[in-house]
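Asks: As you go down the protein sequences, you meet chains L, C and S in turn.
For what it's worth, our numbering labels the leading residue of the first sequence as 7, then goes sequentially.
For what it's worth, our numbering labels the leading residue of the second sequence as 46, then goes sequentially.
For what it's worth, our numbering labels the leading residue of the third sequence as 47, then goes sequentially.
Yeah, the Cβ is synthetic: ideal placement off N, Cα and C, and Gly gets one too.
The structure presented is a predicted model; accordingly, all values stated were derived computationally and were not measured.
This structure is in structure tokens; I'll ask about it shortly.
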Amino acid sequence: MLAHESVAASSGWFLDHAFLIPIIPAVAFVIIIFFGKRLPMKGSEVGIASMVASLVLAVGTTVQWVQRVNSVGGEEAGALSKGFFGFTRGLLAGGEAEPYVQPVIRSWTWWSSGNMEFGFGQHIDGLAVMLLLIVTFISTLVQIYSLEYVRGDRRYTHFFASLTLFSAGMLVMVLAENTVQLVLGWEIMGLCSFMLIGHWWEERANSEAALKAFWTVRTGDIGLLVGVAILFGASGTFSIHDTSRWAMDPSTSHTVLLWASVALFIAAIGKSGQFPLHTWLPDAMAGPTPVSSLLHSSTMVVAGVFLVARLYPVFYNGLSIAQDGNTANFIAIIGGITILIAAALAFVQNDIKKVLAYSTVSQLGYMMMGLGVGAWTPAVFHIFTHAFFKCCLFLCAGSVAHSGSHHSFDMKKDMGGLAKKMPITATAWILSTLALCGVPFFSGFFSKDEIIDNAHYQGYTIFWIVGLVGAFMTTAYMTRATYLTFFGTARGAAAGEHHDEHADAHASHDAHATHDAHDDHPVAVHAAHGLDDHGAGAHDDHGHGAHAGPHESPWLITGPIVILAVLAVVSGYINAAPFHIEKFLEWVEPRGSEWAPALEHAVFKWINAVPSIVLVALGFVVSLAICRGLYNSERFPLKGLTQRFAPARAGYAFLANRYYLDALYGAIIKAVAYPISKAAYWVNQHVLDGIVNGVGIGGRKSGEWVYRNVDQRLVDGAVNGSGAAARGTGGALRPLQSGKVNQYGALLFGAAAVVALVLVIVNS
Amino acid sequence: MLVNNFLILGAVLFCIGVYGVIARKNAVMVLMSVELILNSVNLNLLAFSQMNGNVDGHTFALYIIAVAAAEVGVGLAMVLLVYRNRKSIALDELSEMKG
Amino acid sequence: MSAVVLASEIQVAQNIGFGIIAAIMVVGALKVVTSSNVVHAALALVLVLAGAAAQYLLLAAEFVAVTQVLVYVGAVMVLFLFGVMLTRAKLGAETDLNNKHHLLGVPVALLLFGVMVWVLVDGFRDTKLPQGADAEPVSVQQVSDSIFSPYLLPFWALSFVLLAAVIGAIVLARKD
Numbered sequence: 007m008l009a010h011e012s013v014a015a016s017s018g019w020f021l022d023h024a025f026l027i028p029i030i031p032a033v034a035f036v037i038i039i040f041f042g043k044r045l046p047m048k049g050s051e052v053g054i055a056s057m058v059a060s061l062v063l064a065v066g067t068t069v070q071w072v073q074r075v076n077s078v079g080g081e082e083a084g085a086l087s088k089g090f091f092g093f094t095r096g097l098l099a100g101g102e103a104e105p106y107v108q109p110v111i112r113s114w115t116w117w118s119s120g121n122m123e124f125g126f127g128q129h130i131d132g133l134a135v136m137l138l139l140i141v142t143f144i145s146t147l148v149q150i151y152s153l154e155y156v157r158g159d160r161r162y163t164h165f166f167a168s169l170t171l172f173s174a175g176m177l178v179m180v181l182a183e184n185t186v187q188l189v190l191g192w193e194i195m196g197l198c199s200f201m202l203i204g205h206w207w208e209e210r211a212n213s214e215a216a217l218k219a220f221w222t223v224r225t226g227d228i229g230l231l232v233g234v235a236i237l238f239g240a241s242g243t244f245s246i247h248d249t250s251r252w253a254m255d256p257s258t259s260h261t262v263l264l265w266a267s268v269a270l271f272i273a274a275i276g277k278s279g280q281f282p283l284h285t286w287l288p289d290a291m292a293g294p295t296p297v298s299s300l301l302h303s304s305t306m307v308v309a310g311v312f313l314v315a316r317l318y319p320v321f322y323n324g325l326s327i328a329q330d331g332n333t334a335n336f337i338a339i340i341g342g343i344t345i346l347i348a349a350a351l352a353f354v355q356n357d358i359k360k361v362l363a364y365s366t367v368s369q370l371g372y373m374m375m376g377l378g379v380g381a382w383t384p385a386v387f388h389i390f391t392h393a394f395f396k397c398c399l400f401l402c403a404g405s406v407a408h409s410g411s412h413h414s415f416d417m418k419k420d421m422g423g424l425a426k427k428m429p430i431t432a433t434a435w436i437l438s439t440l441a442l443c444g445v446p447f448f449s450g451f452f453s454k455d456e457i458i459d460n461a462h463y464q465g466y467t468i469f470w471i472v473g474l475v476g477a478f479m480t481t482a483y484m485t486r487a488t489y490l491t492f493f494g495t496a497r498g499a500a501a502g503e504h505h506d507e508h509a510d511a512h513a514s515h516d517a518h519a520t521h522d523a524h525d526d527h528p529v530a531v532h533a534a535h536g537l538d539d540h541g542a543g544a545h546d547d548h549g550h551g552a553h554a555g556p557h558e559s560p561w562l563i564t565g566p567i568v569i570l571a572v573l574a575v576v577s578g579y580i581n582a583a584p585f586h587i588e589k590f591l592e593w594v595e596p597r598g599s600e601w602a603p604a605l606e607h608a609v610f611k612w613i614n615a616v617p618s619i620v621l622v623a624l625g626f627v628v629s630l631a632i633c634r635g636l637y638n639s640e641r642f643p644l645k646g647l648t649q650r651f652a653p654a655r656a657g658y659a660f661l662a663n664r665y666y667l668d669a670l671y672g673a674i675i676k677a678v679a680y681p682i683s684k685a686a687y688w689v690n691q692h693v694l695d696g697i698v699n700g701v702g703i704g705g706r707k708s709g710e711w712v713y714r715n716v717d718q719r720l721v722d723g724a725v726n727g728s729g730a731a732a733r734g735t736g737g738a739l740r741p742l743q744s745g746k747v748n749q750y751g752a753l754l755f756g757a758a759a760v761v762a763l764v765l766v767i768v769n770s
Numbered sequence: 046m047l048v049n050n051f052l053i054l055g056a057v058l059f060c061i062g063v064y065g066v067i068a069r070k071n072a073v074m075v076l077m078s079v080e081l082i083l084n085s086v087n088l089n090l091l092a093f094s095q096m097n098g099n100v101d102g103h104t105f106a107l108y109i110i111a112v113a114a115a116e117v118g119v120g121l122a123m124v125l126l127v128y129r130n131r132k133s134i135a136l137d138e139l140s141e142m143k144g
Numbered sequence: 047m048s049a050v051v052l053a054s055e056i057q058v059a060q061n062i063g064f065g066i067i068a069a070i071m072v073v074g075a076l077k078v079v080t081s082s083n084v085v086h087a088a089l090a091l092v093l094v095l096a097g098a099a100a101q102y103l104l105l106a107a108e109f110v111a112v113t114q115v116l117v118y119v120g121a122v123m124v125l126f127l128f129g130v131m132l133t134r135a136k137l138g139a140e141t142d143l144n145n146k147h148h149l150l151g152v153p154v155a156l157l158l159f160g161v162m163v164w165v166l167v168d169g170f171r172d173t174k175l176p177q178g179a180d181a182e183p184v185s186v187q188q189v190s191d192s193i194f195s196p197y198l199l200p201f202w203a204l205s206f207v208l209l210a211a212v213i214g215a216i217v218l219a220r221k222d
């Protein structure tokens, strides 16, 4: 059964059995779907248990992977004994082991058709291990958070089922041994994201957002299928490892690689919300906040980046990244554009989740740009750090809406001054924001600055500048969001006002389906809830702070937030270049001349970090000044600028309408699909009918013509004859569209017989 | 025996089936004619399989039998539905789709 | 020497058997498409299908022949008879079973038949089927090996077709 047996004594149990990690949540999904409603906690316990089990396995895998790397590093000096690695697929030339860490690859034949075999297996290397850890970790926290956040929801069980399957899909993809398995995981995620974004589908906006996300990603998926087909057709293998080796082979056609990489990158554009297919991501905020945080931190959107990182040799050689003095390529350009346009859009959002959504898009742009300029390790490292702080930010936003602003996400209307009411959330938010902005000694600094630094180092000067500008803009919009949410004067629900129309004002509010039921509780119970007394038995009215004013969220919400905030600060130190800690480089980057490009890395110098630090500081100061003026003082000179000053108004409208991209896509669909259907209708109405009717009418017309012109000279009988013949022709053709099945059948078989006859005659 | 024995028998059945599909008005009768066509195909598959000495033809003959069973099931369900709605299963009355 | 004679005798017997069954099948098939009585047509179809099963036996396809009898002659025919019954067809002769233009089918069928016979006669002339030792009956094991290894994917597809058909038939036929 084992196609490639590669188990060795040294790999360790966890590395050999990493394939169990996605299987556990997949099984859990089935259990939740079928038995969830009958379980005491409606299936959520199964979901969380499966994620914890996966997390344990992932941690074990990580530990053993690190041991494996370290043992190789130690052996490197001495002679490597032959067969030290279990993995031997004939690539160890001359019986001499290479001092590279071999991935742990196992694969089983899934099914075979003809001569093609489709495998299912695991490809464990540093990248996979890192993502396994992040995905299981974040999923676990998000599920715990969801316990409280969607409590009492109408489709509580389904929510956990989808969430679990979603994680399973991502894990399948991360582990994928071959491209078919990768596509499988990719599509599972696409389906689950549709279900989760449209979780509250009763509202039209939500179901439309879900549809939009699904179709936009599907547009890119065409690229994935085409790219995978090209790779298989050219290399003859689905295996990712073999494909990588094939792509690194100098004799491989550059053109094939170019087309494959372009096709695959289109898929990554769709999935990772890169320009110009980024429009679905902010709309996806219609889903519940835990979904947004999972979607935007470690799964879904990272899948595109992962795809590029996983098949990096294809892109590296196909697009000639960091080779031959290139100064731009497809990936870097798309990434760079995405950084800037998404950051600009984040300025005009009033919805806190949308700010974060555009921020995610922008950060994904950084990752893509990093991959595009040959900074593989910093880009992947940015996935790692970004997962923590972005997840934390989303959970904070959810916490604010849950307990602070009465399910509203509108920063201008319902927030402000919440720092005093929700100290834990506010602290976590600020720490994560600092990490996101790339403030020195926070995690984002170590990853984002590496990307910027490497862009400079590899000679991509334009993208270095783009990265710096992006850093400035990131700081500025995050300062604005922070100020609006947690500082300044309290407004709307944050000030304790209760307004019933919170449902209709916002595209992505998180109204609980059973909200009304909760409102039946005596007001006194609500009033009893102050800052931190949620343990007192009354669990069911969390999140209805509007009755008692804003308050801190319960521990099920703050717990994950605190953990993530701590990680947002410290996770960067795993690869802190300024302190010469480069564990990530050691553990994650694939080094093996035959299946991974040898990448050079910039050596960190503080002097190179100065521009970005200065710009971050500048962004903070400028934004804070403007915010204080705009949102506090009535006499600020810039106040109402967008109303008074026409170019500013136009710019605002341009941004507020998201560059009119949605309108453009709508117009394109309308312009392309509508005429096609219209043309088809027209052909149906005029051509097909027209032929039939036209023959009749034409015949009658000619009959009339004959009648008028020839009648005088010829006998009436001839005229009548031609008229009758014309009508007869029309009448004979009419049955073509009689609607009678038998006649259609006769035509079908008759035509088939005639065609066969013609072919036989031609060929004989 | 000649291969053509079976192949021509198949051809005869096929053409009779085609005639039935075209000529019959009663929907159940049309479905019966379709069964004739499917059986003639099976005959061909098995004859070729025997001629070439492999079992692929058998496999596909079995698949066709299964598909035919499904087809009859759905087909008769549709006929029933039509009958319930119109009290008639004459196909020439079902001409709403005409152009 | 005697074995050869014996083999040729068997072949003659087979040929005669084939001829008789083929004649029955053709007559039955004609009855199916021309009979003015729905039930008679259905019974004639039984004849054709049973004849086909016999031909499969001649072609050394035992398993397919058995399946043919079980599925077609058993299940499908019962379905047909139920269909006839539920649509309240007249039990006696009916004049209204054919279309107005049913003669349209004759030229189409004849044309098709002409083309096919031409191609077959031209293409296979006197190719013989393997006889005697070469014509081992195909065992069930061979068929199942073929289904479950190289043609597993069509098998899966078929399972989905059947599932869809079951659901579709229920949805279509239930009263509500």
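Counting pairs of Cβ atoms below 8 Å between the segment 571–582 of chain L and the segment 452–464 of chain L, do you hit three or more?
Replies: Yes, they touch.
Asks: CB L197 of chain L to CB H129 of chain L, shorter than 8 Å?
Replies: Walking along the first sequence from the start, residue 197 of chain L turns up at place 191. Walking along the first sequence from the start, residue 129 of chain L turns up at place 123. Not in contact: L197 of chain L and H129 of chain L (Cβ atoms no closer than 8 Å).
Asks: Do we get a CB-CB distance below 8 Å when we pair G751 of chain L with the residues of chain C?
Replies: On the first sequence, position 745 is the one that residue 751 of chain L refers to. With 8 Å as the cut-off, G751 of chain L counts as an interface residue toward chain C.
Asks: Give the single residue among S:V79, S:F206, S:I67 and S:P183 whose Cα lies nearest to the Cα of V70 of chain C.
Replies: On the second sequence, residue 70 of chain C is found 25 positions in, with the first residue counted as 1. The sequence as given places Lys at residue 70 of chain C; Val does not occur at that position. Answer by Cα proximity: S:V79.
Asks: Can you say whether H532 of chain L is buried or exposed, counting buried as having 16 or more other CB atoms within 10 angstroms of its CB?
Replies: Residue 532 of chain L sits at position 526 when you count from the first residue of the first sequence. Its pLDDT being 39, under 50, H532 of chain L is placed unreliably by the model, and nothing is read from it.
Asks: Among C:G62, C:V73, C:G65 and C:I82, whose alpha-carbon lies nearest the alpha-carbon of A106 of chain C?
Replies: One-based indexing of the second sequence puts residue 106 of chain C at position 61. The option with the nearest alpha carbon to A106 of chain C is C:I82.
Asks: Checking the sheet assignment: what are the DSSP bridge partners for Q128 of chain L?
Replies: The residue you call residue 128 of chain L lines up with position 122 of the first sequence. BP columns for Q128 of chain L point to L:R112.
Asks: Of all Cβ atoms in chain C, is any one closer than 8 Å to the Cβ of V761 of chain L?
Replies: Within the first sequence, the letter at position 755 stands for residue 761 of chain L. No, no contact with chain C.
Asks: Excluding the 5 residues preceding and the 5 following T564 of chain L in the sequence, name in chain order all residues of the same chain whose CB lies nearer than 6 Å to its CB.
Replies: Position 558 of the first sequence, counted from the first residue, corresponds to residue 564 of chain L. Counting only Cβ-Cβ distances below 6 Å, and skipping sequence neighbours, we find I430.
Asks: Taking E183 of chain L as the reference, which of L:A24, L:R733 and L:I203 has the closest Cα?
Replies: Taking the first sequence and counting its residues from 1, the one referred to as residue 183 of chain L is at position 177. Ranking L:A24, L:R733 and L:I203 by Cα distance to E183 of chain L puts L:A24 first.
Asks: Using a cut-off of 7 Å between C-beta atoms, extract the partners of V766 of chain L located in chain S.
Replies: For the purposes of this step, residue 766 of chain L is identified with residue 760 of the first sequence, where counting begins at 1. Simply V161, W164 and V165.
Asks: Here's a check: name, in chain order, each residue in its chain whose Cβ is nearer than 6 Å to the Cβ of I213 of chain S, leaving out the five neighbours to either side.
Replies: Your numbering for residue 213 of chain S matches position 167 in the third sequence. Taken in chain order, the list of residues that qualify is empty.
Asks: Can you tell me whether L270 of chain L is buried or exposed? The criterion is at least 16 other CB atoms within 10 Å of its CB, across all chains shown.
Replies: On the first sequence, position 264 is the one that residue 270 of chain L refers to. Per the 10 Å Cβ criterion, buried.
Asks: If the cut-off is 8 Å on Cβ atoms, which residues from the segment 63–80 of chain C count as contacting chain L, listed in chain order?
Replies: Answer in chain order: V63, V66, I67, A68, R69, K70 and V75.
Asks: Excluding the five sequence neighbours on either side, which residues of its own chain have a C-beta within less than 7 Å of the C-beta of V1 of chain L, listed in chain order?
Replies: The structure shown does not extend to residue 1 of chain L, since chain L is modelled only from 7 through 770, so no value can be given for it.
Asks: Pick helix, strand or coil for K611 of chain L, following the three-state DSSP scheme.
Replies: Mapped onto the first sequence, residue 611 of chain L falls at position 605. DSSP places K611 of chain L in coil when its eight states are reduced to three.
Asks: If I measure Cβ to Cβ from A85 of chain L and keep anything under 6 Å in the same chain, skipping five residues before and after, which residues do I get?
Replies: Translated into the one-based positions of the first sequence, residue 85 of chain L becomes position 79. With a pLDDT of 35 at A85 of chain L, under the threshold of 50, the modelled position of this residue cannot be trusted, and the question is left open.
Asks: Looking at C-alpha atoms only, which residue of L:Y372, L:M291, L:S303 and L:A315 is the closest neighbour of D357 of chain L?
Replies: Along the first sequence, read from residue 1 onward, the residue named residue 357 of chain L stands at position 351. Ranking the options by Cα distance to D357 of chain L, first place goes to L:M291.
Asks: From C:A56, C:A115 and C:V73, pick the residue whose C-alpha is nearest to that of A68 of chain S; which is it?
Replies: As a position in the third sequence, residue 68 of chain S is number 22, starting the count at 1. When each option's Cα is compared against that of A68 of chain S, the closest is C:A56.
Asks: Report yes or no: is there a C-beta of chain L within less than 8 Å of the C-beta of A137 of chain C?
Replies: Within the second sequence, the letter at position 92 stands for residue 137 of chain C. Looking at the sequence itself, residue 137 of chain C is Asp, so the reference to Ala does not match. It does; some Cβ of chain L falls within 8 Å.
Asks: Given that a residue counts as buried once 16 or more other Cβ atoms are within 10 Å of its Cβ, and exposed if not, what is E182 of chain S?
Replies: Within the third sequence, residue 182 of chain S is the residue found at index 136, counting from 1. That one is exposed.
Asks: Following the continuous alpha helix (DSSP H) through Y240 of chain S, name the residue where it begins and the one where it ends.
Replies: Past the boundaries of the shown model lies residue 240 of chain S; chain S is included only from 47 to 222, so the question cannot be answered.
Asks: So which of C:I134, C:E138, C:N49 and C:A135 has the shortest CA-CA distance to L91 of chain C?
Replies: For the purposes of this step, residue 91 of chain C is taken as residue 46 along the second sequence, with counting starting at 1. Nearest option by C-alpha distance: C:N49.
Asks: Below 6 Å CB to CB, which residues in the same chain sit around E123 of chain L once its five sequence neighbours on both sides are set aside?
Replies: Within the first sequence, residue 123 of chain L is the residue found at index 117, counting from 1. Within the same chain, E123 of chain L has close Cβ partners T115.
Asks: Looking at A407 of chain L: is its Cβ nearer than 8 Å to the Cβ of F415 of chain L?
Replies: On the first sequence, position 401 is the one that residue 407 of chain L refers to. On the first sequence, position 409 is the one that residue 415 of chain L refers to. Contact: yes.
Asks: Identify the residues that DSSP records as bridge partners of R69 of chain C: which are they?
Replies: As a working note, residue 69 of chain C is residue 24 in the second sequence. DSSP, once it has assigned bridges, lists S:N144 as partnering R69 of chain C.
Asks: Below 7 Å between beta carbons is the criterion; list the residues of the segment 66–93 of chain S that meet it against any residue of chain L, in chain order.
Replies: Flagged: no residues at all.
Asks: E112 of chain C touches chain S at which residues, Cβ-Cβ below 8 Å?
Replies: As a first step, residue 112 of chain C must be located in the second sequence, where it is residue number 67. In the sequence as presented, Glu is not what sits at residue 112 of chain C; that position holds Val. Result: L204 and V207.
Asks: Between V367 of chain L and D289 of chain L, what straight-line distance do the alpha-carbon atoms span, to the nearest angstrom?
Replies: Locating residue 367 of chain L in the first sequence gives position 361, counting from the first residue. Locating residue 289 of chain L in the first sequence gives position 283, counting from the first residue. Roughly 12 Å between the two C-alpha positions.
Asks: When the cut-off is 8 Å and only beta carbons count, does G120 of chain S lie next to chain C?
Replies: By one-based count along the third sequence, residue 120 of chain S stands at place 74. No, no contact with chain C.
Asks: Within the 8 Å Cβ cut-off, does V152 of chain S reach chain L?
Replies: Here residue 152 of chain S refers to the residue found at position 106 when the third sequence is read from its first residue. No, because no Cβ of chain L sits closer than 8 Å to the Cβ of V152 of chain S.
Asks: Provide the residue span of the alpha helix (DSSP H) that contains E214 of chain L, from first to last.
Replies: For the purposes of this step, residue 214 of chain L is taken as residue 208 along the first sequence, with counting starting at 1. That run of the alpha helix (DSSP H) goes R210 to S241.
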